[in-house]
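Under mature numbering (1 follows the signal peptide of the UniProt record, and there is no 0), the residues of the sequence shown are numbered -30 to -1, 1 to 271, in order. Ideal Cβ positions, reconstructed from N, Cα and C, are used throughout, including at glycine.
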Amino acid sequence: MSIIKRHYSHPFLLLFTTLILLLLLPVSDAADNTSLVYKVCSDEKLHDLSGVYSQNLKSLLVSLVSQSSQKPFFTTNSGTGQNNMIMGLYQCRGDLSNTACYNCVSKVPYILDNLCGKVVAARIQLSDCYLRYEVVGYKQVPETQLLYKVCGSKQANGDGCDGFEEKRESAFGMLENGVKSSNGGKLFYKGSYQSLNVMGQCEGDLAIDDCGDCVKSAEEQAKAECGDSFQAQIYLHKCFLSYSFYPEGVSSTMPSSTAESAAQEGTQKTAAIALGIFAAIIFCCVVFLCVKDKKRDGTWK
């Protein structure tokens, strides 16, 4: 007598297959550094009765976002009339890939519309990029005007905390030279001096010497605004800098942004391992149920 073999369909088998497919997908190691840092919105609303301004602004933003997939800095104008022409630009951090730059800049138009609305000038600064625009003829801002600052709560003590001030001065000197001699003309530098990490960048249309002067001004304002804070971020109109000091030598050879990426990568690896363990448990359950069902139906040899 022939034995009729049955095909088994079990929900656990479907779940196991799904988990295996998930494990085969690559785990992204790209940190999401596109959170809002600060915004600057003009108090002056634009009375756009004809809709020309809105169309020009829309065209400007589309052009900027499109270019961000190809280059880290771009500036352009939109419109033809003197009363409605708009100038705009974006800049991404100098160590970003073109894909990461696009991912950052492409978020700005939505944030801009929600936070500023229809104004004659605005600036949105995200962690890895910024975008600004203004109606041509709008009042100009000095290159070294302070727009935003972040000062760490922990301060060096009176004895300089193991040479904090000297290390910061040396790191600042590296930064000034670095932004002026950066490869590819990105006016960007990121590095470490012993246990102090430093990073800075100038707007892409600055001359090299002007970039050095802007960064030097940012350094002076960091000391004036934040004192001996172990961490600081200083955003001027045409440049920015940040530094982090680790008195115990933590991350002394790794800039803070790299350390954060490494930490996130570790978290993602842990999640992948946990998913693998869970998949193995499901697999064991599937095997056990199949064996049990075959024994009960008399098809197990």
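Q37 sits in a helix when the DSSP states are folded into three classes.
When the five nearest sequence neighbours on each side are left out, the beta carbons in the same chain lying within less than 7 Å of the beta carbon of K150 are those of I178, C181, G182, in order along the chain. The segment 43 to 54 and the segment 22 to 30 touch, with three or more beta-carbon pairs separated by less than 8 Å. If only uninterrupted alpha helix (DSSP H) runs of at least 4 residues are considered, those enclosed by the segment 150 to 208 are 178 to 196. The three-state reading of DSSP puts R63 in coil, since its state is none of H, G, I, E or B.
Relative to S165, the option among E173, K77, R63, F200 whose CA is nearest is F200. Excluding five sequence positions before and after D198, the CB atoms of its chain that fall closer than 6 Å to its own CB belong to Q125, A126, given in chain order. By the C-beta criterion, the segment 112 to 122 is judged to be in contact with the segment 202 to 216, since at least 3 inter-stretch pairs fall below 8 Å. Measuring C-alpha to C-alpha distances from L176 to each of C209, I81, S29, S33 identifies C209 as the nearest. A direct Cα-to-Cα measurement between T46 and V32 gives close to 11 Å. Closest in alpha carbon position to G170, among T4, L145, V111, K193, is L145. Contact check between the segment 78 to 91 and the segment 2 to 13: three or more CB pairs, one atom from each, fall below 8 Å, which counts as touching. About 7 Å separates the Cβ atoms of G58 and R102, confirming a contact at the 8 Å cut-off. Beta-bridge pairing by DSSP links R138 to no other residue.
For the set V78, S212, V90, G87, the Cα lying nearest the Cα of C99 is the one of V78. The C-beta distance from V89 to K15 rounds to 6 Å, short enough to fall under 8 Å. Rounded to the nearest whole angstrom, the CA to CA distance from E139 to S187 is 13 Å. M57 is bridged by DSSP to N47, E104. In the DSSP annotation of this structure, the continuous segment of the beta strand (DSSP E) that includes V120 starts and ends at 116 to 121. Nearest to Y60 by alpha-carbon distance, out of G107, Q40, A192, is Q40. Within the DSSP secondary-structure output, K9 pairs in a beta bridge with I94. By the Cβ neighbour-count rule, A194 is exposed, with fewer than 16 other Cβ atoms within 10 Å of its own. Rounded to whole angstroms, the Cβ separation of S76 and V35 is 5 Å, and the two are in contact under 8 Å. Take the alpha-carbon of S5 and the one of S97: they are about 6 Å apart.
Counting of Cβ neighbours within 10 angstroms places K137 among the buried residues, the total reaching 16 or more. If you draw a straight line from the Cα of T69 to the Cα of G133, it is about 40 Å long.
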